[in-house]
Ligand code: MTE
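Residue numbers (my numbering): 4 to 321.
Written out as structure tokens, the structure is:
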């Protein structure tokens, strides 16, 4: 049963219900059935081929992306994660080690002149890697500051040659129930899907990430390829991507399918628009004992505010 507080924005943000608790309540009966299925199937850890991409790191830092706070310690960041494929708690790092990140291919398709399926190591060789310091703001009102390594999403889009009618970019995560126990929970609409408009995907901030803290990306953080869109709530930053498609219609995203009134397509950070069940006015900075006021577009308005003029009719902030 769902218990709603009448004034959700008045509760301390640390009491915000994580998505999994909320949705688990809704689906408790289905959960019982799925739990027995998990027991029957069991997890089969697999090692995969070694990741030899270490030589690409650390990449040169792009100083255009500066922080207003210290970088979150690596040990905090790699062990406090949302990655529902491996469980609905924050402690999924050990379970995520089952993910095989080599070999790994990324399919690029849809309305492009050059569709292809490319091995992650070939992508690393072709793309201009750089390090950027970004803030990351989760819809659950916690934040981190992360040194990502990767390349502008725009570089990949341009190389694929967008064709007429390419209005949106759709991203998809791997689907492998043998490796990812969360994907055996059938009430979630797997695989995880996210999307941006082509204009959003082509702006300077949209970043495809292959590394963090000067090393290849840890599995808990979405190896070997994830998105970083720091002006949006963190759920837009899809992990462990296997497919990127340029499409005409707006993609149906994972969280939008689960909770359209709470986790909409746009999900731009705005402290003035509360989540229906808690305030977004400030955030807990993980690894510190600090709370900070949250900024509009997570402080990245100079890069992205212009993308949204003329879209006032959309639910841009949730
Ligand atoms: N991508 C996939 N495939 N699965 C997920 O569960 N969680 C999202 C996002 N990307 C998620 C995902 C959410 S809610 C957040 S806040 C960020 O990943 C968390 O990224 P981090 O663990 O590196 O902090």
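A virtual CB, placed ideally from N, CA and C, is assigned to each residue, including glycine.
Item to complete: Quick one: residues in its chain with C-beta nearer than 6 Å to the C-beta of residue 270, no 5 flanking neighbours on either side, listed in chain order?
Response: Same-chain partners within the cutoff: 235, 236 and 239.
Worksheet item: Does the distance from the C-beta atom of residue 137 to that of residue 254 stay below 9 Å?
Response: Between residue 137 and residue 254, the C-beta spacing is not below 9 Å.
Practice prompt. Check the C-beta distance from residue 257 over to residue 192 and give it rounded, since I have them as a contact under 8 Å.
Written response: About 6 Å separates the two Cβ atoms, so the contact holds.
Discussion item. Is residue 173 a contact residue of the ligand MTE, with contact defined as CB to any heavy atom under 8 Å?
Written reply: No, Cβ of residue 173 sits at least 8 Å from all heavy atoms of the ligand MTE.
Item to complete: Following the continuous alpha helix (DSSP H) through residue 257, name the residue where it begins and the one where it ends.
Response: For residue 257, the enclosing alpha helix (DSSP H) covers residues 257 to 261.
Worksheet item: Taking DSSP as the reference, what is the three-state secondary structure of residue 316?
Response: Correct three-state label for residue 316: coil.
Worksheet entry | Opening and closing residue of the alpha helix (DSSP H) in which residue 306 lies | For residue 306, the enclosing alpha helix (DSSP H) begins and ends at 304 to 307.
Worksheet item: Nearest CA to the CA of residue 266: which residue from 301, 141 and 298?
Response: 141 is the residue among 301, 141 and 298 whose C-alpha sits nearest the C-alpha of residue 266.
Worksheet entry | Contact the stretch 280 to 297 vs the stretch 149 to 165: 3+ CB pairs below 8 Å | These segments do not touch.
Worksheet item: Apart from the five residues just before and just after residue 75, which ones in its own chain have a Cβ nearer than 7 Å to its Cβ?
Response: The beta carbon of residue 75 lies closer than 7 Å to those of 147, 148, 149, 289 and 290 in the same chain, with the five residues before and after it left out.
Discussion item. So residue 117 and residue 164 are supposed to be a Cβ contact under 8 Å. How far apart are they, rounded?
Written reply: About 5 Å; that satisfies the 8 Å criterion.
Worksheet item: Within the present structure, is the beta-carbon of residue 240 separated from the nearest heavy atom of the ligand MTE by less than 8 Å?
Response: Under cutoff, so the answer is yes.
Fill in: Reduced DSSP category for residue 218 - H, G, I as helix; E, B as strand; rest coil
Of the three classes helix, strand and coil, the one that applies to residue 218 here is strand, per DSSP.
Practice prompt. May I ask which residues mark the beginning and end of the beta strand (DSSP E) holding residue 2?
Written response: As displayed, the chain neither begins before 4 nor continues past 321, which places residue 2 out of reach and without an answer.
Worksheet item: Who are the near neighbours of residue 35 in its chain, counting only those whose CB is closer than 7 Å to its CB and skipping five residues on each side?
Response: For residue 35, the predicted structure reports a pLDDT of 35, less than 50, and the residue's modelled location is therefore unreliable. The matter cannot be settled from this model.
Worksheet item: What residue does the alpha helix (DSSP H) around residue 77 start on, and which one ends it?
Response: Counting along the chain, the alpha helix (DSSP H) containing residue 77 begins and ends at 77 to 80.
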